[in-house]
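Only one structure is covered here, and it is reproduced in the block below.
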Amino acid sequence: MNPPPSPSCTLKLSELIASLSYALDITEGQSPGHCLRCCWVGMHIGRQAGLSDRELWELYYVVLLKDLGCSSNAARICEMYLTDDRNFKRDWMLVDDSLHKVLGFVLKHTGLKAGLAERFRNVMRIVRDGRDLQDEFVATRCQRGAEIARLLRFPEAVSQGIYSLDEHFNGNGKPERLQGEDIPLYSRIALMAQVVDVFHTESGREAALKEVRSRAGQWFDPRLVAAFEQVAAADTFWHTLGAPDIERAVTALPAAALDRQYVLDDDYLDDIATAFGQVVDAKSPYTGGHSARVALYTDMIAESLGLSEERRRWLKRGALLHDVGKLGVSNSVLDKAGKLDPDEWEAVKEHARYTETILGSIGAFRELAAIAGAHHEKLDGTGYPRGLSADQIPIETRIITTADIFDAITAERPYRGAIPIPQALEIMRKTVGTALDADCFEALVRAVEAVPFPAAA
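Numbering (this note's numbering), first residue to last: 1 to 457.
Here it is, written out as structure tokens:
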């Protein structure tokens, strides 16, 4: 099989980030296109406020990537609130600072499936320590988001814009309680854009306008509220905001034209895949480094099988992104120590479809989407999501599957400790021909023997 065409010839940075932003939407529990719609809103506010072309370009990526750190607090939210983190995050966006709304939210969302005593204990703890917990959640999210933006090679102004997303104009925001113009301008615009989209999606145009006006001087810079009022007077603005082809509108904005300074060569694509792999792995304390390890094992197996260097590099990106669909699965399921019930198991299985959908929306990644999305298929046809049989599963998918299973067995999980490499290989050997490809498994064995893993000694 020939290597894929060079992506630098077929893909722009704005198009790639716009497509990957759907992964951030699902981990926030938002409807598809949330970050794109926020970008549409934010860019119009920025232009009305008189930002330069360079500033508009930086704002473009602050808003598109505002949720880069959102996966990092998912596990703690599930732990503290005993709830589905995605639903929690979605509904929290509709709550302002008023005490009665915050308390109502806590009572409505905490431990609904837990026992009465456990639910009571957690509610009391949240009421007592709620401010500190929120500080923790936001600080974790903001810090991680800024770090990943740097990995994506964006200027520091973009990282800082993401870091300060949850600061409020009156100084009551987080993580540093900045006030007024001490808050980066990009953050002030991005937060307002987020609220506009959430309320517009939930209840329509008038609800969004009402919410922005009510928070002027509190959450929002009054001058930016005035700029938004000017933007909101145009029916075309709202029509496009609610249109199904919002991605096309956003990637056609003039600011995206400045992407010419960022060439999507192989090195940059590797960095982007690595960064989004870290977004995925941050979702659970049990998946730290999983994507990077699967990518490493994938490359080792591919090298042992004799794949070309170009094909190996391309496949390694697929391995880094193979679990991006897990951002759409609640941590209440992913981190569950006991047996999953049928509904939970169906939710887990959906992550493979999410992976294929997200990567498949990127033209240059289309082949990679099918390969990565099928990493839970089995040779005997009992895998998911499609129940493919052996003749329908390409060698690249078989390689990622082998690498993924190897890491899953040798890494610590919520229901057991890590299994030593020799024992893991024996467990895997029993599934050769049914779940695992024989050539891929033997290539893994050769690769492991050639590397001085401490546990393999």
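In this text, a Cβ means the ideal position worked out from N, Cα and C, and glycines have one as well. This structure is a prediction, so every number in the text was calculated from the model and none was measured.
Span of the alpha helix (DSSP H), counted from its first residue to its last, around C70: C70: not part of any alpha helix (DSSP H); DSSP gives it neither H nor E.
Length of the line joining the Cα atoms of P394 and I371: When rounded, the distance between both Cα atoms is 7 Å.
Per-residue burial, I236 [other beta carbons within 10 Å of its own, 16 or more giving buried]: In the sequence under discussion, the amino acid at residue 236 is Thr, which differs from the Ile named in the question. Exposed, since its Cβ has fewer than 16 Cβ neighbours within 10 Å.
Candidates G173, T140, F199, D266: closest to V311 by CA position: Note on residue identity: the sequence assigns Arg, not Val, to residue 311. Minimum Cα distance to R311 is reached at D266.
Sheet register partners of L436 (DSSP bridge): V432, per the DSSP bridge assignment.
Cβ-Cβ distance between G231 and H34 below 7 Å: Here the sequence assigns Val to residue 231, which means Gly is not the residue at that position. Going by C-beta atoms, V231 is not nearer than 7 Å to H34.
Range of the contiguous alpha helix (DSSP H) that encloses I395: Start and end: 395-410.
E426 versus A146 - alpha carbon distance: Between E426 and A146, the alpha-carbon positions lie close to 42 Å from each other.
At least 3 beta-carbon pairs within less than 8 Å: the region 186-202 vs the region 161-173: Yes, they touch.
C-beta contact flag for V138 and K174 at 7 Å: Yes, these two residues count as a Cβ contact at 7 Å.
Same chain, Cβ closer than 7 Å to A403, neighbours up to 5 away in sequence not counted: Once the five neighbours on either side are set aside, the close Cβ partners of A403 are V294, Y297, T298, I301, A319.
Nonlocal neighbours in the same chain, by C-beta distance under 6 Å from G373, ignoring five residues either side: A352, T355, E356, listed in sequence order.
Secondary structure of F220, DSSP reduced to three states: It is a strand residue.
Helix, strand or coil at Q179 according to DSSP, with G and I counted as helix: Look at Q179 here: in three-state DSSP terms it is coil, with no helix or strand label.
Proximity to W219 [Cα-Cα], best of Q194, W238, A233: Taking only the C-alpha atoms, the option nearest W219 is Q194.
Residue interval of the alpha helix (DSSP H) (run including R37): Taken as a continuous stretch (DSSP letters only), the alpha helix (DSSP H) holding R37 covers 34-48.
Beta-carbon separation (whole angstroms), A216 vs S71, contact threshold 8 Å: Actually they are not in contact, since the Cβ atoms of A216 and S71 sit about 31 Å apart, beyond 8 Å.
Rounded C-alpha distance that separates Q30 from R37: Straight-line spacing of the CA atoms in Q30 and R37 works out to 11 Å.
F88 to Q160 span [Cα, whole Å]: Those two C-alpha atoms are separated by around 26 Å.
Exposure label - Q278; buried when at least 16 CB within 10 Å: Burial call: buried.
Continuous alpha helix (DSSP H) stretch holding N331: start and end: It spans 331-334 - the alpha helix (DSSP H) in which N331 sits, taken as one unbroken run.
Where I419 sits in the DSSP three-state scheme: Of the three classes helix, strand and coil, the one that applies to I419 here is coil, per DSSP.
Environment of S14 [buried if 16+ CB atoms lie within 10 Å]: Buried, because 16 or more other Cβ atoms sit within 10 Å of the Cβ of S14.
Rounded straight-line distance, which links the Cα of E55 to that of L151: Here the C-alpha atom of L151 lies approximately 20 Å from the C-alpha atom of E55.
Extent of the continuous alpha helix (DSSP H) to which Q392 belongs: Going by DSSP, Q392 is part of no alpha helix (DSSP H) at all; its letter is neither H nor E.
Residues near I17 in its chain [Cβ-Cβ closer than 6 Å; skip 5 each side]: The residues are L64.
Contacting residues, own chain, Cβ-Cβ under 8 Å from L11 (five flanking each side not counted): Here the set comprises L264, I362, G363, A364.
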